[in-house]
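In case it helps, my numbering puts the sequence shown at residues 56 to 638.
Cβ atoms here follow ideal geometry from the backbone N, Cα and C, with glycine treated the same way.
For clarity, every value in this text was computed on a predicted model and none was experimentally measured.
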Amino acid sequence: MSLPFSLFAKELDRIQRTKGHSAKKAIVALMLRDRQDAETVLALLLPHLDQRVLQIKDKVLARIYVDALGIEGTTSAARLLDWRNPAFITSGLGDPALSTVDFAQSLYSVIRDRISSLSLQSQPLTVRDNSLDRKTIISFFVANLNPTEHKWLSRIILKEMKLGITEKTVFDAWHKEAQDLYNITSSLSRVAKDLIDPNVSVISNSSVSLNFPFKPMLAKSVKSLDSVEKLRQGKAFWIETKLDGERMQLHKSGSNYKWFSRNAKDYTNLYGAYKDQKLARHIHVAFLPTVDTCVLDGEMMSFNVSTSLFESFGNLKTAANLFNADGETATSKPVYIAFDILLYNNKSLLESPLRDRRKLLSMILKDSKGRIEILSYAEGNTTEDVVKALDSSMMRREEGIVVKNPDSDYLLNDRAGEWLKVKPDYIDSLGDDLDLVLVGGFFGSGYRSGKLSHFMCAVIDDSSPPDQRRYITFCKFGSGYKEDQIEEISHESEGHWQAYDHVNPPAWFIHPPTSKERPNMIIHPSHARVVTVKAAEVVESTQYGSGYTLRFPRFVTVRQDKDVGDGLSKTELEEYIHNNEGR
Ligand code: ATP
Numbered sequence: 056m057s058l059p060f061s062l063f064a065k066e067l068d069r070i071q072r073t074k075g076h077s078a079k080k081a082i083v084a085l086m087l088r089d090r091q092d093a094e095t096v097l098a099l100l101l102p103h104l105d106q107r108v109l110q111i112k113d114k115v116l117a118r119i120y121v122d123a124l125g126i127e128g129t130t131s132a133a134r135l136l137d138w139r140n141p142a143f144i145t146s147g148l149g150d151p152a153l154s155t156v157d158f159a160q161s162l163y164s165v166i167r168d169r170i171s172s173l174s175l176q177s178q179p180l181t182v183r184d185n186s187l188d189r190k191t192i193i194s195f196f197v198a199n200l201n202p203t204e205h206k207w208l209s210r211i212i213l214k215e216m217k218l219g220i221t222e223k224t225v226f227d228a229w230h231k232e233a234q235d236l237y238n239i240t241s242s243l244s245r246v247a248k249d250l251i252d253p254n255v256s257v258i259s260n261s262s263v264s265l266n267f268p269f270k271p272m273l274a275k276s277v278k279s280l281d282s283v284e285k286l287r288q289g290k291a292f293w294i295e296t297k298l299d300g301e302r303m304q305l306h307k308s309g310s311n312y313k314w315f316s317r318n319a320k321d322y323t324n325l326y327g328a329y330k331d332q333k334l335a336r337h338i339h340v341a342f343l344p345t346v347d348t349c350v351l352d353g354e355m356m357s358f359n360v361s362t363s364l365f366e367s368f369g370n371l372k373t374a375a376n377l378f379n380a381d382g383e384t385a386t387s388k389p390v391y392i393a394f395d396i397l398l399y400n401n402k403s404l405l406e407s408p409l410r411d412r413r414k415l416l417s418m419i420l421k422d423s424k425g426r427i428e429i430l431s432y433a434e435g436n437t438t439e440d441v442v443k444a445l446d447s448s449m450m451r452r453e454e455g456i457v458v459k460n461p462d463s464d465y466l467l468n469d470r471a472g473e474w475l476k477v478k479p480d481y482i483d484s485l486g487d488d489l490d491l492v493l494v495g496g497f498f499g500s501g502y503r504s505g506k507l508s509h510f511m512c513a514v515i516d517d518s519s520p521p522d523q524r525r526y527i528t529f530c531k532f533g534s535g536y537k538e539d540q541i542e543e544i545s546h547e548s549e550g551h552w553q554a555y556d557h558v559n560p561p562a563w564f565i566h567p568p569t570s571k572e573r574p575n576m577i578i579h580p581s582h583a584r585v586v587t588v589k590a591a592e593v594v595e596s597t598q599y600g601s602g603y604t605l606r607f608p609r610f611v612t613v614r615q616d617k618d619v620g621d622g623l624s625k626t627e628l629e630e631y632i633h634n635n636e637g638r
């Protein structure tokens, strides 16, 4: 239920009159008890922190009231306009709790004296400065509020509550982390919404508490590839896959588990609270028996059993529900990918370097395929290492990479740059989509063996006669998230794929025989499709017939509306390279 303003004003009076910090704080805590209203109550108690409140000085407010009350030229008007004048500070006017009088008290006594004789409609509306809107609002209040309410309304407007309590007391009455969260976020709304449960902790600068969510360390995006090397100044960095699931922290306390998202949302019901429940059942057995308590940071992913691919974030809850209902027969299931450990047997690890945390993680947790896995990393030193890693992450149909400083502490709620996220989208790129002819396919490995998972594209050799068209290889891409479209192409063209014999390739297929990029299957373009591929840039390459290839190629779509002849030709590619030189 929301708190009526009349009651709110009375409570404010009570706080002001009450002596002692803890007694005042107790009243504030009671006012905030109706937690649905907390954001509004906090904003009204701390109006100086609420950006929405009007910026009005007491002089202007006095004018507006004089107009709205229709008391121009009277002693009452003078009392408002010149309220600091000692002549108006009489004993009956002041609030006994305050040693001095403020505008609000002057207003209180003026309104109390005049309330019975108000007749608003008869007052001419004069436009002064730009105060028409404010005046209309105040007029509404004049007609509807009592003197006490006016006193508090004006204090809210003037952002000076004079309650005799500090901002910190108000925050503390709400939640022990309220002040800290406000300092980090500058948002009363976040303070009200994120800290709704007094037992839930969302931030802590020095420690992570078992069973309380914390704000995880975040990655900063980089705009240029060489910024990674610059940042580490030649020292080694770690490269990990950028996972596209949901950031999830796992708190283990003996046989009990708690799961929280990045925003402190509790997912324990979905992933299991006890060692014999849901995903927790499979995770419990992956820990060494010596692990009593621990807190892990990682990403919850949804794994599609039939495509053997991780699905995008949107599928996560469906996957978890399917798995909870159907168990092993579910088509999708949740997999927890751990990449950090922050607490182990009640000892905080925040100040241990990442290198040590990861070593410990791999010692206490056994990878359990499809249940809980530890994210792998590669070490890098140079920009070239970043380029290669990003290229292969594109080939693995991923979003990008995260680069980490292995010497850094775990910094809660921090995005200062010890972790960097690198996505082709962030990098200055050509930004153009190229329509290319599909000519080859590569089989996947593992679960995808026997199925095409990567494709090779070509440009049209427009110097060849149309009835004996040749196609010059140009690039390779991973099938991306539009898996079903690729399945469709492979399916559609079934019967037309032929094994690639690099010793005796068909005349139409122009590809260096020495190339390491050897497709398993090729398809004559008359049976294939034009596909749109996005990339960061065109670079020289000895691996493709054209002498060029794409950097960070990503599959965009199948051009159902285009014929093979509409694909990019060699001449167009050369023009394109020429036009983009120096870009
Ligand atoms: P952000 O989460 O950085 O505010 P965002 O919500 O737009 O940005 P993305 O840019 O897609 O999301 O980044 C997803 C987030 O996933 C990263 O910020 C990071 O917190 C997390 N993430 C994914 N992979 C990793 C990883 N290997 N290590 C650490 N964090 C990761």
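Item, Value
"Simplified DSSP assignment, three categories, for residue 61", "helix"
"Where residue 554 falls: helix, strand or coil (DSSP)", "strand"
"As assigned by DSSP and simplified to three states, the class of residue 83", "helix"
"Rounded straight-line distance, which links the Cα of residue 139 to that of residue 156", "8 Å"
"Beta-carbon proximity check, residue 310 vs residue 357, cutoff 8 Å", "no"
"The stretch 458 to 465 contacting the stretch 304 to 324, beta-carbon criterion three pairs below 8 Å", "no"
"Contact under 8 Å by Cβ, residue 131 with residue 165", "yes"
"Secondary structure of residue 195, DSSP reduced to three states", "helix"
"The ligand ATP heavy atom lying under 7 Å from the CB of residue 443", "no"
"Reduced DSSP secondary structure (H/G/I, E/B, other) of residue 564", "strand"
"Residue 330, DSSP secondary structure in three states", "coil"
"Check: residue 507 C-beta below 7 Å from any heavy atom of the ligand ATP", "no"
"Beta-carbon gap between residue 302 and residue 354 smaller than 8 Å", "yes"
"Proximity of residue 514 and residue 605 at Cβ, strictly below 8 Å", "no"
"Touch test, the stretch 552 to 567 against the stretch 511 to 525, Cβ-Cβ under 8 Å, three pairs minimum", "yes"
"Pick from 91, 217, 191 that is closest to residue 72, judged by C-alpha positions", "217"
"Candidates 209, 137, 110: closest to residue 67 by CA position", "209"
"Bridge-paired residues (DSSP) for residue 396", "351"
"C-alpha gap between residue 243 and residue 105, whole angstroms", "7 Å"
"Segment contact flag, the stretch 360 to 375 with the stretch 393 to 402, C-beta cutoff 8 Å, min 3 pairs", "no"
"Exposure label - residue 323; buried when at least 16 CB within 10 Å", "buried"
"Sufficient close CB pairs (3 or more, under 8 Å) joining the stretch 436 to 446 to the stretch 417 to 427", "no"
"Opening and closing residue of the beta strand (DSSP E) in which residue 515 lies", "507 to 516"
"Simplified DSSP assignment, three categories, for residue 610", "strand"
"Three-way DSSP call (helix, strand, coil) for residue 372 in this model", "helix"
"Length of the line joining the Cα atoms of residue 377 and residue 389", "9 Å"
"Residue 319 Cβ short of 7 Å to the ligand ATP heavy atom set", "no"
"Ordered list of beta strand (DSSP E) runs contained in the stretch 389 to 466, each at least 3 residues", "427 to 429, 433 to 435, 456 to 459"
"Residue 410: CB within 7 Å of a non-hydrogen atom of the ligand GDP", "What this structure holds is the ligand ATP, not the ligand GDP."
"Own chain residues within Cβ distance below 8 Å of residue 408, not counting five before or after", "461, 462, 463, 464"
"Beta-carbon proximity check, residue 352 vs residue 271, cutoff 8 Å", "yes"
"Simplified DSSP state of residue 339, which is helix, strand or coil", "helix"
"Start and end residues, beta strand (DSSP E) containing residue 549", "Note, residue 549: premise wrong, no beta strand (DSSP E); not H, not E."
"Among 125, 342, 285, nearest to residue 305 - alpha-carbon criterion", "342"
"Inter-residue CB distance, residue 611 and residue 477 (contact presumed, cutoff 8 Å)", "Going by Cβ atoms, the distance from residue 611 to residue 477 rounds to 20 Å, so no, they are not a contact pair."
"Any alpha helix (DSSP H) of 4 or more consecutive residues that is wholly inside the stretch 217 to 243", "222 to 229, 233 to 240"
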